[in-house]
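Asker: In the numbering used here, the protein residues as written are 1 to 314.
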């Protein structure tokens, strides 16, 4: 019996580097591309609509926004704004939607791409056109079209690495008053939002910053870097560092490299979640593999990941 695999939900025409879900609209926003090299691979941000028809998930390309010569490597969503990491800069894009009627709407936003996405999505290559036909709703799908407009309204220099500047992560504060970035130069930069006035710029790690997050009250930052460190900051002052070998001497000092972190507020306790890359194993169920571990970097699969740490179940 062959190995079971989840069907592809969506196949992009370029490598995918980041994915987020807009909590207000439910759109899945993906981005990536071929970068500045003239390979013929475009750079774009895709807005996908998801629907469940029976027991089958379908994805429709609602809108494609071209990002010219810069591939979006990471992004964060704050209200109706996308903060996109493109090379050493953070580009701010506002997106809006409106409903239109009539055949003319099909020509907007890359209609041919949308049709191709519908044909590719879901099991057996059946997309949302087939799903709509199953519901007897084809005419409505063709007449009612969601149009999205995307406008760039701001940009900041988020990484100053003299050799190859690259923003690695970006985050909005929960109250949308701050914009935070980390890059390959090891610096955390914080801007007031939406004025984009720089508030903090400090060296947090030796080498690349892999991820960052901010506490719900905006008082603390947590950062992880390729220097094997996980640090908590109060402003630009180091509050504490997470050191495995101090609490668990049987673990070597550099057994773990942290790749991601999140903060969550509980009634009494502030918890920090980190994912040491060397301690992750995948369960027997279907897994969603990061693009660096997958040969198909342009495939978005709908699947469930079972992740366990070396000492505790996450």
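Beta carbons: idealized from backbone N, C-alpha and C, even for Gly. As the structure is a computational prediction, the values presented were derived from the model and not from experiment.
1) Would the beta-carbon of residue 78 fall within 8 Å of that of residue 176?
2) For the stretch 50-62 and the stretch 152-159, state whether three or more C-beta atom pairs, one from each stretch, are separated by less than 8 Å.
3) Indicate the three-state DSSP secondary structure (helix, strand or coil) for residue 244 in the structure shown.
4) Using only the alpha-carbon positions, how far apart do residue 6 and residue 32 sit?
5) What is the C-beta distance between residue 76 and residue 202, in whole angstroms, given that I count them as a contact (C-beta under 8 Å)?
6) With a 10 Å radius around its C-beta and 16 neighbouring C-beta atoms as the bar for buried, classify residue 198 as buried or exposed.
7) Starting from residue 74, trace the beta strand (DSSP E) in both directions and tell me its first and last residue.
8) Expressed to the nearest angstrom, what Euclidean distance is found between the alpha-carbon atoms of residue 226 and residue 99?
9) Quick one: residues in its chain with C-beta nearer than 7 Å to the C-beta of residue 321, no 5 flanking neighbours on either side, listed in chain order?
10) Can you give the Cα-Cα distance for residue 46 and residue 193, rounded to whole angstroms?
11) Measuring only the C-alpha atoms, how far is residue 253 from residue 247?
12) Let me know if residue 12 comes out buried or exposed under the rule of 16 or more other beta-carbons within 10 Å of its beta-carbon.
13) For residue 64, count the other beta carbons within 10 Å of its own beta carbon; 16 or more makes it buried, fewer makes it exposed. Which is it?
14) Could you tell me the alpha carbon to alpha carbon distance between residue 3 and residue 259, rounded to whole angstroms?
15) Bridge partners of residue 65, per DSSP?
16) Could you say which of 264, 92, 8 lies nearest to residue 215 if we only look at CA atoms?
17) What does residue 31 pair with, by DSSP beta-bridge criteria?
18) Identify every run of the beta strand (DSSP E) within the stretch 181-207, keeping only runs that are complete inside it and at least 3 residues long; order them along the chain.
19) Can the beta-carbon of residue 169 be found less than 8 Å from the beta-carbon of residue 181?
20) Going by beta carbon distance, what residues of the same chain come within less than 8 Å of residue 241, once the five residues before and after it are set aside?
21) Quick check on residue 211: does DSSP put it in helix, strand or coil?
22) Taking all protein chains shown into account, decide if residue 39 is buried (16 or more other Cβ within 10 angstroms of its Cβ) or exposed.
23) Pull up the CB-CB distance for residue 61 and residue 48, whole angstroms please, since I reckon it's below 8 Å.
24) Can you give me the C-alpha to C-alpha distance between residue 16 and residue 25, rounded to a whole angstrom?
25) Residue 71 to residue 92, Cα distance in whole Å?
26) Whole angstroms is fine: what's the gap from residue 68's alpha carbon to residue 207's?
Answerer: The answer reads as follows:
1) Yes, the Cβ-Cβ distance between residue 78 and residue 176 is below 8 Å.
2) no
3) helix
4) 22 Å
5) In this structure residue 76 does not touch residue 202 by the C-beta definition: roughly 20 Å separates them, more than the 8 Å allowed.
6) exposed
7) 72-78
8) If you take the alpha carbons of residue 226 and residue 99, they lie about 45 Å apart.
9) In this structure the chain extends from 1 to 314, so residue 321 is not present and cannot be described.
10) Between residue 46 and residue 193, the C-alpha separation is close to 25 Å.
11) 11 Å
12) So residue 12 ends up on the buried side.
13) buried
14) 29 Å
15) 45
16) Out of 264, 92, 8, 264 has the C-alpha closest to the C-alpha of residue 215.
17) The partner list for residue 31 (beta bridge, DSSP) reads 18, 45.
18) 187-192, 197-203
19) yes
20) 229, 230, 231, 232
21) strand
22) Looking at its Cβ environment, which holds fewer than 16 other Cβ atoms inside 10 Å, residue 39 is exposed.
23) 6 Å
24) 21 Å
25) 14 Å
26) 28 Å
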